[in-house]
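The structure appears right after this line, and notes come after that.
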Ligand SMILES: Nc1ncnc2c1ncn2[C@@H]1O[C@H](COP(=O)(O)OP(=O)(O)O)[C@@H](O)[C@H]1O
Ligand SMILES: [Mg+2]
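Chains as they are written, first to last, in the UniProt record's numbering: chain A, 1 to 492; chain B, 1 to 246.
Pasting the structure below:
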């Protein structure tokens, strides 16, 4: 089961646990209006991480990239029984719990196991699906391997941090276990014989084997508690009335065996239509969307980052009374802080942290976070640029009666910008590449799209090659354009 | 008697422990050309920069047309400063603008003059300094003498009441000194009030109305050019003249 959990995220979740319970959770526990709220809103927002067929994945339906899979079917039924509309929000699996805590989504259906640790933070419905684990191997090895105990002296792979990863580590002897973050990478490693087998969930294994003639599967025979092999729907803590109502739906799904009879076969069909044509050209739309969002994020962030940078640079150079000194300190502290923390954390902080107060869409959050980040770096360039302008320029302007502000705006800044144009250009190109970080909050930029294509096509390398080329085309074109303007400015 | 254009009273300026200007009290009358001479490091530039408050005096008074600048707020200082044009040793033209734009910038951004009027005035001034054919050139393409004449035109564009010159010819090749001094001489003839720091003794003699000899933070001697060069009164001035006239 998917249980990926970065230490970082765990810490962030912990942080929110400190904040959220006092505000929302306890209030909800006192007066549980969770069901009423959803019904009043008329929309149920489902969080999911669509890179996990057949649970949830992207498929092209009527020419449009759509999230499908058995979990989506379940979400639709839940919404229907509640009499509300379903809205699906995609993001990385790691982000789902925080998104639920901070109200970005109303529920999580993403092949999530109701583990005791998670139960502390969220409420789970009854389980809607009881899975199990298989081991995918190369077909040529079918005679060699029987189950988890056959790999003595060999290497097993599993997704890092997942239940199957821990099981493989604990329940095998003499076997080295290698973790990777992506399922497609594991299969790739298997086919290139870096791994002898890959432990994964039964439905996933079935999907891989039926789509790839060189693969076969064997039972894992892991000894598992049922909570580690089953999936349930997660709601915010204290949503008892909502959970009770949804349990009726879940129980019915189980009683009528809807997953086996209806949902899995339906998902399988998408998998087939999905993988008929795994050529990269077939996915050009997905890549185009990726380029579009990468460019939107980059251009917006450069623009706002530049404005923030100028303001910060001026604030850092403010001299005078207490107020200006305070301003200078504040700006300096900001710049140091931003430069001293990873951009990824900043992106998550803006999306989830600010999300507690205002509901910002992922794209907006991404642009805000990257602009704030870029501003700190740009500020330093601009400060250097301003210092590089000869004092005589300021004196000449001042002696002509120009105020400090006008001197800055008309005389110093234009020259400073010309001096730092190459650095600003570099920052722009860096941002094209760094914008990929917002893929973690589900913005459909290039990296995110390539991951979708990878899990859709079961091809590990081709999408990476494609986006490598695309990124290079973007950065190369950008640097040509910047050079053109640089040369033009030099003529002055 | 008319009011002095500039009045300095007990002016002092220190940089940390370095007392550059100690106690200066002088007046500049309308139309006068004051030539400030003295040894290097004697505080001449600092003095000039105190006159338009590019440098804030440590103590004392600097008055322009009877108004004490040291008591004014920043905004009023800015607007008084435009009445005192300044020309620097290093020209300080804006390298990212053409000659014409250099001249038009302040009238348009400070006075709000419209583009057409500012352009017309800039061309007039360029004709006056003999450089109208260079209106669209960038400063880097000018010779030192041409650059300094543009700088003078730029300062004149604000219609100043007084012009401050800080060694305007010291950075020039010798053959270009004349063209700049000629422009300054023309200005003086037209009645412009001027304070000129220079080592050009010929200019001091022929154009100056008064010589202020400055050393060690004081105006050591305030004299007519004839008397100053023929019979300097102070030992300090005699010593200085004997060195530079050798
Ligand atoms: N901004 C400043 N900070 C510190 N010391 C300065 C500054 N400007 C000038 N001085 C000092 O003041 C003294 C006089 O300099 P200056 O006015 O340039 O003399 P002059 O123009 O007569 O050569 C010198 O000792 C110089 O080092
Ligand atoms: Mg000097």
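In this text, a Cβ means the ideal position worked out from N, Cα and C, and glycines have one as well.
Proximity test, Cβ basis, 8 Å: residue i and chain A
{"i": "residue 106/B", "result": "yes"}
{"i": "residue 94/B", "result": "yes"}
{"i": "residue 54/B", "result": "yes"}
{"i": "residue 82/B", "result": "yes"}
{"i": "residue 109/B", "result": "yes"}
{"i": "residue 158/B", "result": "yes"}
{"i": "residue 45/B", "result": "no"}
{"i": "residue 86/B", "result": "yes"}
{"i": "residue 76/B", "result": "no"}
{"i": "residue 141/B", "result": "no"}
{"i": "residue 79/B", "result": "yes"}
Cross-chain neighbours of residue i in chain D, by beta carbon under 7 Å
{"i": "residue 90/B", "result": "Here the protein chains are A and B, and chain D is not one of them."}
DSSP bridge partner residues for residue i (one or two, in chain order)
{"i": "residue 166/B", "result": "197/B"}
{"i": "residue 60/A", "result": "65/A"}
{"i": "residue 130/A", "result": "230/A"}
{"i": "residue 24/B", "result": "11/B"}
{"i": "residue 63/B", "result": "7/B, 68/B"}
{"i": "residue 90/A", "result": "48/A"}
{"i": "residue 214/B", "result": "219/B"}
{"i": "residue 43/A", "result": "85/A"}
Any chain B beta carbon closer than 8 Å to residue i
{"i": "residue 415/A", "result": "yes"}
{"i": "residue 371/A", "result": "no"}
{"i": "residue 423/A", "result": "no"}
{"i": "residue 400/A", "result": "yes"}
{"i": "residue 410/A", "result": "yes"}
{"i": "residue 56/A", "result": "no"}
{"i": "residue 403/A", "result": "yes"}
{"i": "residue 324/A", "result": "no"}
{"i": "residue 89/A", "result": "no"}
{"i": "residue 561/A", "result": "Any property of residue 561/A remains undetermined from this structure, which presents chain A solely from 1 to 492."}
{"i": "residue 99/A", "result": "no"}
{"i": "residue 396/A", "result": "yes"}
{"i": "residue 64/A", "result": "no"}
{"i": "residue 418/A", "result": "yes"}
{"i": "residue 488/A", "result": "no"}
{"i": "residue 406/A", "result": "yes"}
Residue interval of the alpha helix (DSSP H) (run including residue i)
{"i": "residue 55/B", "result": "Segment: none, residue 55/B is in no alpha helix (DSSP H) and carries neither H nor E."}
{"i": "residue 102/B", "result": "99-106"}
{"i": "residue 93/B", "result": "Per DSSP, residue 93/B belongs to no alpha helix (DSSP H) and is neither H nor E."}
{"i": "residue 178/A", "result": "Note, residue 178/A: premise wrong, no alpha helix (DSSP H); beta strand (DSSP E) at 176-180."}
{"i": "residue 247/B", "result": "With chain B covering 1 to 246 only, the question about residue 247/B has no answer from this structure."}
Limits of the unbroken beta strand (DSSP E) element including residue i
{"i": "residue 123/B", "result": "Counting along the chain, residue 123/B falls outside any beta strand (DSSP E), though it belongs to the alpha helix (DSSP H) covering 115-128."}
{"i": "residue 159/A", "result": "155-159"}
{"i": "residue 201/A", "result": "197-201"}
{"i": "residue 216/A", "result": "215-219"}
{"i": "residue 36/B", "result": "33-37"}
{"i": "residue 150/B", "result": "No beta strand (DSSP E) contains residue 150/B, which is instead part of the alpha helix (DSSP H) from 144-156."}
Span separating the alpha-carbon of residue i from that of residue j
{"i": "residue 42/A", "j": "residue 80/A", "result": "11 Å"}
{"i": "residue 282/A", "j": "residue 288/A", "result": "12 Å"}
{"i": "residue 212/B", "j": "residue 166/B", "result": "14 Å"}
{"i": "residue 226/B", "j": "residue 4/B", "result": "23 Å"}
{"i": "residue 142/A", "j": "residue 216/A", "result": "7 Å"}
{"i": "residue 153/A", "j": "residue 195/A", "result": "11 Å"}
{"i": "residue 80/B", "j": "residue 74/B", "result": "10 Å"}
{"i": "residue 102/A", "j": "residue 120/A", "result": "16 Å"}
{"i": "residue 259/A", "j": "residue 253/A", "result": "7 Å"}
{"i": "residue 394/A", "j": "residue 22/B", "result": "27 Å"}
{"i": "residue 251/B", "j": "residue 479/A", "result": "With chain B covering 1 to 246 only, the question about residue 251/B has no answer from this structure."}
{"i": "residue 229/A", "j": "residue 285/A", "result": "36 Å"}
{"i": "residue 109/B", "j": "residue 49/A", "result": "56 Å"}
{"i": "residue 471/A", "j": "residue 112/A", "result": "34 Å"}
{"i": "residue 157/B", "j": "residue 400/A", "result": "9 Å"}
{"i": "residue 173/B", "j": "residue 487/A", "result": "32 Å"}
{"i": "residue 63/B", "j": "residue 297/A", "result": "56 Å"}
{"i": "residue 304/A", "j": "residue 402/A", "result": "28 Å"}
{"i": "residue 149/B", "j": "residue 192/B", "result": "16 Å"}
{"i": "residue 450/A", "j": "residue 321/A", "result": "53 Å"}
{"i": "residue 171/A", "j": "residue 148/A", "result": "8 Å"}
Residues near ligand 1, criterion Cβ-heavy atom distance below 5 Å: 15/B, 20/B, 40/B, 41/B, 42/B, 43/B, 44/B, 45/B, 46/B
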